[in-house]
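Line order of the protein sequences matches chains A and B.
Numbered according to the numbering used here, the first sequence spans residues 703 to 992.
Numbered according to the numbering used here, the second sequence spans residues 703 to 992.
Taking it in order: structure first as structure tokens, then the write-up.
There are 2 protein chains.
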Amino acid sequence: MSEAVFKPTPRALLRRKRADLIVEEIKRWIVAGDLRPGDRLPQETQLEELLQSSRGTVREALKVLESQGLIEITRGAKGGARVSHVSYEKTSSALRNFLYFEPLTWSNIYRVREKLEPMMAASVVGLLTPADIAALRHTVEVCKLGIKGEVDQRTHRIAELEFHSILSQACPNPLLRLLCRFINDMLRDLSISDPRSIILPKDSSFAVDAIKFHAALIDAFEDKDAERVRTLMSQHVHGAGCIVSQREEEVDQDNLLIAPPVETFRPRRKPDRRGLAAPKQKPRKTKANR
Amino acid sequence: MSEAVFKPTPRALLRRKRADLIVEEIKRWIVAGDLRPGDRLPQETQLEELLQSSRGTVREALKVLESQGLIEITRGAKGGARVSHVSYEKTSSALRNFLYFEPLTWSNIYRVREKLEPMMAASVVGLLTPADIAALRHTVEVCKLGIKGEVDQRTHRIAELEFHSILSQACPNPLLRLLCRFINDMLRDLSISDPRSIILPKDSSFAVDAIKFHAALIDAFEDKDAERVRTLMSQHVHGAGCIVSQREEEVDQDNLLIAPPVETFRPRRKPDRRGLAAPKQKPRKTKANR
DNA sequence: AGTCAATAATCATTATCATGATTATACTGA
DNA sequence: TCAGTATAATCATGATAATGATTATTGACT
Numbered sequence: 703m704s705e706a707v708f709k710p711t712p713r714a715l716l717r718r719k720r721a722d723l724i725v726e727e728i729k730r731w732i733v734a735g736d737l738r739p740g741d742r743l744p745q746e747t748q749l750e751e752l753l754q755s756s757r758g759t760v761r762e763a764l765k766v767l768e769s770q771g772l773i774e775i776t777r778g779a780k781g782g783a784r785v786s787h788v789s790y791e792k793t794s795s796a797l798r799n800f801l802y803f804e805p806l807t808w809s810n811i812y813r814v815r816e817k818l819e820p821m822m823a824a825s826v827v828g829l830l831t832p833a834d835i836a837a838l839r840h841t842v843e844v845c846k847l848g849i850k851g852e853v854d855q856r857t858h859r860i861a862e863l864e865f866h867s868i869l870s871q872a873c874p875n876p877l878l879r880l881l882c883r884f885i886n887d888m889l890r891d892l893s894i895s896d897p898r899s900i901i902l903p904k905d906s907s908f909a910v911d912a913i914k915f916h917a918a919l920i921d922a923f924e925d926k927d928a929e930r931v932r933t934l935m936s937q938h939v940h941g942a943g944c945i946v947s948q949r950e951e952e953v954d955q956d957n958l959l960i961a962p963p964v965e966t967f968r969p970r971r972k973p974d975r976r977g978l979a980a981p982k983q984k985p986r987k988t989k990a991n992r
Numbered sequence: 703m704s705e706a707v708f709k710p711t712p713r714a715l716l717r718r719k720r721a722d723l724i725v726e727e728i729k730r731w732i733v734a735g736d737l738r739p740g741d742r743l744p745q746e747t748q749l750e751e752l753l754q755s756s757r758g759t760v761r762e763a764l765k766v767l768e769s770q771g772l773i774e775i776t777r778g779a780k781g782g783a784r785v786s787h788v789s790y791e792k793t794s795s796a797l798r799n800f801l802y803f804e805p806l807t808w809s810n811i812y813r814v815r816e817k818l819e820p821m822m823a824a825s826v827v828g829l830l831t832p833a834d835i836a837a838l839r840h841t842v843e844v845c846k847l848g849i850k851g852e853v854d855q856r857t858h859r860i861a862e863l864e865f866h867s868i869l870s871q872a873c874p875n876p877l878l879r880l881l882c883r884f885i886n887d888m889l890r891d892l893s894i895s896d897p898r899s900i901i902l903p904k905d906s907s908f909a910v911d912a913i914k915f916h917a918a919l920i921d922a923f924e925d926k927d928a929e930r931v932r933t934l935m936s937q938h939v940h941g942a943g944c945i946v947s948q949r950e951e952e953v954d955q956d957n958l959l960i961a962p963p964v965e966t967f968r969p970r971r972k973p974d975r976r977g978l979a980a981p982k983q984k985p986r987k988t989k990a991n992r
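Structure below.
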């Protein structure tokens, strides 16, 4: 017809894929049927019938839903797809995938952190369990060992951040909890994998201050003094932010995309095929000079 | 109800699915080969060979990568899978899926917003284009019409939030930009679909104040006065937050999960099969009394 | 009790056809 | 002749169907 003249809209954008339509259809089932985590979806053969689609297409859709964390699939008898809480891990992973393509700097992260962390800390006053307090104290002890050089810098830094991570998981505001936990986790993983960026090394005066702040914060939590908590945390993270601001560097974003591999990929047969290199190795500018 | 207890997969955590391993493998290719958006991946038949897996499995993996926004797949000659920026939309959708299962309140959202928005506003000083300024002015005009009752409340509210959304997209900090844009978009969509929660109605004194604040902010932007911007925005969003705090209600989370359906699902054949209801309609407590 | 087999469900492969996008080619009309 | 449009060839994904392999549950048999 007359569609040959202008082709500004490829069909692929209008005619959506069958699997994607099924994904949205099942999401609609979840909200319409008010399904809660644990509720079962029909099994694959029934879904074929209900959705009038083939096995492969249904499975593609289920795979997408699973990768988004909305369902969990188990095998065997009594198995199948069940609605599931979207886990923090899945959400965190999606955020990291996004930031991987953005020019993110350490300073960018710390600016946000400075605003959220004091509010988060104040919000958990009165909500910490004795176990939480004990865990907080433990991180401080590890940090003290770090100062004395009895544990390595990495462990020291992780303990330092673990303090904040424990707090954030007690935060009653779901949005704030998510954001603070994400930021702290990201800082932890970036600190681990980016050797250049062991920010705040152990001989820095900051590390000593951090321990004092953490200890003072624990006291304030036990006194249930929200305003003191807020002030202390504000000073603490602001101090960290100032140090980071002096070195305005991009983070090593590679580890935002790939998770630490719990199980490496092995091709099916041909056991000799071990390396499995990327198909198109086109070496561009290296990390160092970009 | 013997299956009420949800056992989260005993061995699925050890023996992982082939498609998931391929997903991680390809992610590893992307960071190792330093692939940028637009770069092509091998085509499906080659991936079968490289990964020693069947077509269906490879396709499942590609579908997951596509749903996560890391690749885009096109058909036809010169088609195939290409690395892609993870879009804001995909990221926003993942965050919403997570929050759908969390007990989120309006107040929760506004507490975070109060902290981020002033910093975001200050950060865009000097970065707004004349087009941005014009767009900002336009939203203020629409709000004025809203006060006079010449546009409906929904349009009024959307224009009010659009002001903030325009600003957030100019923010140079990728993390802060993402968060502010997400929060404003979420407030917009929630305001649209939740009739109960047309917060800040047009006859409220807040709407009048908002216009004054927005106008004053535009002036401050033109003067490139970052501190004045920060102060004004802080007062503005704090005022909104106070109003919201008085009505401590849960948000209607259904529209966090479902995307606005651009194309409804239609089964393949059997055109009479129209309703396609959810398989297990188990009506639980309604929205009203929970 | 324990072991082992039957069973129920997903997981994975293979083969085949359908559909959309690109490119080259031939045809047509001023 | 030449521009412009049908038309066909080709390439690569999209979707279906059939089949066997795994894996977790269940229950019966020692």
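All residues carry an ideal CB built from backbone N, CA and C; glycine is no exception.
Next item on the list: Flag this pair as touching only if the segment 906–919 of chain A and the segment 783–791 of chain A have three or more C-beta atom pairs under 8 Å; answer yes or no.
Entry: no
Check: Are the segment 880–887 of chain B and the segment 854–867 of chain B in contact at 8 Å, needing three or more beta carbon pairs?
Finding: yes
Notebook entry, point to check: Cβ atoms of A/Leu772 and A/Met821: under 8 Å apart, would you say?
Noted result: Counting from 1 along the first sequence, the entry for residue 821 of chain A is found at position 119. Counting from 1 along the first sequence, the entry for residue 772 of chain A is found at position 70. Not closer than 8 Å, so no.
Next item on the list: Would you mind stating whether B/Lys765 and A/Val766 have Cβ atoms separated by less than 8 Å?
Entry: Position 63 of the second sequence, counted from the start, is the residue given in the question as residue 765 of chain B. Position 64 of the first sequence, counted from the start, is the residue given in the question as residue 766 of chain A. Yes, Cβ-Cβ distance for B/Lys765 and A/Val766 is below 8 Å.
Note to self: Which same chain residues end up closer than 7 Å to A/Arg720 when comparing Cβ atoms and leaving out the 5 residues on each side of it in sequence?
What the structure shows: Looking up residue 720 of chain A in the first sequence gives position 18. Counting only Cβ-Cβ distances below 7 Å, and skipping sequence neighbours, we find Ser755, Thr759.
Item checked: Span of the alpha helix (DSSP H), counted from its first residue to its last, around B/Ile1009 -> With chain B covering only 703 through 992, there is no way to say anything about residue 1009 of chain B.
Check: When DSSP labels each residue in this structure, what does B/Glu952 get in the three-state scheme?
Finding: Taking the second sequence and counting its residues from 1, the one referred to as residue 952 of chain B is at position 250. In the structure shown, B/Glu952 sits in a strand (DSSP, three-state: E or B).
Notebook entry, point to check: Roughly how far, in whole angstroms, is the beta-carbon of A/Ala796 from the beta-carbon of B/Thr793, given that I think they are within contact range, below 8 Å?
Noted result: As a first step, residue 796 of chain A must be located in the first sequence, where it is residue number 94. As a first step, residue 793 of chain B must be located in the second sequence, where it is residue number 91. Contact flag correct, Cβ pair sits at about 6 Å.
Notebook entry, point to check: With 8 Å set as the bound, which would you pick, yes or no: does the beta-carbon of B/Lys926 sit closer than that to a beta-carbon of chain A?
Noted result: In the second sequence, counting from the first residue as 1, residue 926 of chain B sits at position 224. With 8 Å as the cut-off, B/Lys926 does not count as an interface residue toward chain A.
Checklist line | Distance, B/Asp722 Cα to A/Trp808 Cα | finding: Position 106 of the first sequence, counting from 1, holds the residue named residue 808 of chain A. Position 20 of the second sequence, counting from 1, holds the residue named residue 722 of chain B. Each residue's alpha carbon lies about 31 Å from the other.
Margin query: For a contact defined as C-beta to C-beta under 8 Å, what are the partners of A/Met935 on chain B?
Written below: The residue you call residue 935 of chain A lines up with position 233 of the first sequence. Chain B residues near A/Met935: none, gap ~13 Å exceeds 8 Å.
Next item on the list: Kindly say whether A/Asn886, judged by its beta-carbon, lies nearer than 8 Å to any beta-carbon of chain B.
Entry: Translated into positions along the first sequence, residue 886 of chain A becomes position 184. A/Asn886 does not count as touching chain B.
Notebook entry, point to check: Does B/Thr793 get closer than 8 Å to chain A when you measure Cβ to Cβ?
Noted result: For the purposes of this step, residue 793 of chain B is taken as the residue at position 91 of the second sequence. So, interface residue.
Notebook entry, point to check: Nearest-angstrom Cα distance between A/Val931 and A/Ala961?
Noted result: Within the first sequence, residue 931 of chain A is the residue found at index 229, counting from 1. Within the first sequence, residue 961 of chain A is the residue found at index 259, counting from 1. Between A/Val931 and A/Ala961, the C-alpha separation is close to 34 Å.
Next item on the list: With DSSP as the reference, label A/Ala783 as helix, strand or coil.
Entry: As a first step, residue 783 of chain A is located in the first sequence; it is residue number 81 there, counting from the start. Reduced to three states, the DSSP call for A/Ala783 is strand.
Margin query: So A/Lys765 contacts chain B; which residues on that side make the cut at Cβ distance below 7 Å?
Written below: Working through the first sequence from its first residue, we reach residue 765 of chain A at position 63. What A/Lys765 touches in chain B: Ala721, Glu762, Lys765, Val766.
Next item on the list: Could you have a look at B/Thr807 and say whether DSSP puts it in helix, strand or coil?
Entry: For the purposes of this step, residue 807 of chain B is taken as the residue at position 105 of the second sequence. Note: B/Thr807 maps to strand in three-state DSSP.
Checklist line | Short Cβ contact (8 Å threshold) for A/Ile894 with A/Arg856 | finding: Position 192 of the first sequence, counted from the first residue, corresponds to residue 894 of chain A. Position 154 of the first sequence, counted from the first residue, corresponds to residue 856 of chain A. A contact, by the Cβ cut-off of 8 Å.
Check: Mind checking whether B/Phe915 and B/Val827 have CB atoms under 8 Å apart?
Finding: Locating residue 915 of chain B in the second sequence gives position 213, counting from the first residue. Locating residue 827 of chain B in the second sequence gives position 125, counting from the first residue. B/Val827 is positioned such that its CB atom lies no closer than 8 Å to that of B/Phe915.
Next item on the list: Could you check if A/Ala734 is buried or exposed, using at least 16 other CB atoms within 10 Å of its CB as the buried criterion?
Entry: Here the question's residue 734 of chain A lines up with position 32 in the first sequence. Counting Cβ neighbours within 10 Å, A/Ala734 comes out exposed, since fewer than 16 surround it.
Next item on the list: Compare the C-beta of A/Phe931 against all C-beta atoms of chain B and say whether one is closer than 8 Å.
Entry: Working through the first sequence from its first residue, we reach residue 931 of chain A at position 229. According to the sequence shown, residue 931 of chain A is Val rather than Phe. With 8 Å as the cut-off, A/Val931 does not count as an interface residue toward chain B.
Notebook entry, point to check: Which first and last residues belong to the alpha helix (DSSP H) in which B/Ala922 is found?
Noted result: Counting from 1 along the second sequence, the entry for residue 922 of chain B is found at position 220. Start and end: 907–924.
Check: What do you reckon, are the CB atoms on B/Asp911 and B/Gly941 nearer than 8 Å?
Finding: Numbered from 1 along the second sequence, position 209 holds the residue referred to as residue 911 of chain B. Numbered from 1 along the second sequence, position 239 holds the residue referred to as residue 941 of chain B. Yes, the pair counts as a contact, with Cβ atoms nearer than the cut-off.
Next item on the list: Please list the partners that A/Gly771 has in chain B, where partner means a Cβ-to-Cβ separation under 9 Å.
Entry: For this step, residue 771 of chain A is matched to residue 69 along the first sequence. Under the 9 Å cutoff, chain B gives Ala796, Asn799, Phe800.
Next item on the list: Taking 8 Å as the cut-off, decide whether the C-beta atoms of B/Gln955 and B/Tyr802 are in contact.
Entry: Taking the first residue of the second sequence as 1, we reach residue 955 of chain B at position 253. Taking the first residue of the second sequence as 1, we reach residue 802 of chain B at position 100. Cβ distance < 8 Å, so B/Gln955 and B/Tyr802 count as in contact.
Notebook entry, point to check: Which partner residues of B/Arg742 appear in the DSSP bridge assignment?
Noted result: Translated into the one-based positions of the second sequence, residue 742 of chain B becomes position 40. DSSP output for B/Arg742 lists B/Arg784 as bridge partner(s).
Next item on the list: Assuming B/Leu881 contacts B/Leu958 (C-beta within less than 8 Å), just tell me the rounded distance between them.
Entry: The sequence position of residue 881 of chain B within the second sequence is 179, counting from 1. The sequence position of residue 958 of chain B within the second sequence is 256, counting from 1. With a Cβ gap of about 16 Å, B/Leu881 and B/Leu958 do not count as contacting.
Next item on the list: Please work out which residues of its chain come closer than 6 Å, Cβ to Cβ, to B/Ala824, disregarding the five sequence neighbours upstream and downstream, and give them in chain order.
Entry: Reading the second sequence from its first residue, position 122 is the one you call residue 824 of chain B. Taking B/Ala824 as the centre and dropping the five residues before and after it, the same chain places the C-beta of Ala928, Val931, Arg932 closer than 6 Å to its C-beta, in chain order.
Next item on the list: Verify whether the separation of the beta carbon atoms of B/Leu806 and B/Glu951 is less than 8 Å.
Entry: On the second sequence, residue 806 of chain B is found 104 positions in, with the first residue counted as 1. On the second sequence, residue 951 of chain B is found 249 positions in, with the first residue counted as 1. Result no, Cβ atoms of B/Leu806 and B/Glu951 do not sit closer than 8 Å.
Next item on the list: Between the Cα of A/Ile860 and those of A/Ala917, A/Leu892, A/Lys780, spot the shortest distance and give me the residue it belongs to.
Entry: In the first sequence, residue 860 of chain A corresponds to position 158, counting from 1. Of the candidates A/Ala917, A/Leu892, A/Lys780, the one whose C-alpha sits nearest the C-alpha of A/Ile860 is A/Leu892.
Margin query: For a test of the three-state rule: what should DSSP assign to B/Leu818, helix, strand or coil?
Written below: Residue mapping note: residue 818 of chain B aligns to position 116 of the second sequence, counting from 1. If DSSP states are grouped into helix, strand and coil, B/Leu818 belongs with the helices.
Checklist line | C-alpha distance - B/Glu762 paired with A/Glu762, whole-angstrom precision | finding: Taking the second sequence and counting its residues from 1, the one referred to as residue 762 of chain B is at position 60. Taking the first sequence and counting its residues from 1, the one referred to as residue 762 of chain A is at position 60. Roughly 5 Å between the two C-alpha positions.
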